[in-house]
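Below is one structure, written out as structure tokens, with a few remarks after it.
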Amino acid sequence: MRQLARRRRLAMLAATTLAIGGVALPAGVAQAAPACDVVYATSDWNNGFTANVTIKNLGDPINGWTLKFTFPSGQQLLQGWSARWSQSAPR
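FYI, the numbering for the sequence shown is -32 to -1, 1 to 59, going by mature numbering (1 follows the signal peptide of the UniProt record, and there is no 0).
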């Protein structure tokens, strides 16, 4: 009976540790990216264009996310609205 009680305590301790500290996965284990839908729509004119990027989260709520993508050659950000943005690639 003591052996069973000890196993239960160890199981509870392990479950509590995982719940508090999270689950550590070994390096190299692939995880699926959170599901989202991204729409990139442009409106072109002679010397430039505007682009609207709409991001819709299809999964659980997340906090602190970043969208990264690569512009085709020659494109760069000059102005932006309704978001915090930056461009780090060479111009």
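Ideal placement from N, C-alpha and C gives every residue a C-beta, glycine not left out.
{"Check": "Pick helix, strand or coil for A9, following the three-state DSSP scheme.", "Outcome": "strand"}
{"Check": "Kindly indicate which residue of C4, N20, D5 and I30 has the alpha-carbon position closest to the one of S50.", "Outcome": "N20"}
{"Check": "Just tell me which of S56, D28 and N31 has its CA closest to the CA of Q43.", "Outcome": "S56"}
{"Check": "For the putative contact between V7 and T22, defined by C-beta atoms under 8 Å, what is the C-beta separation to the nearest angstrom?", "Outcome": "5 Å"}
{"Check": "Starting from F17, follow the beta strand (DSSP E) in both directions and report where the run begins and ends.", "Outcome": "G16 to N25"}
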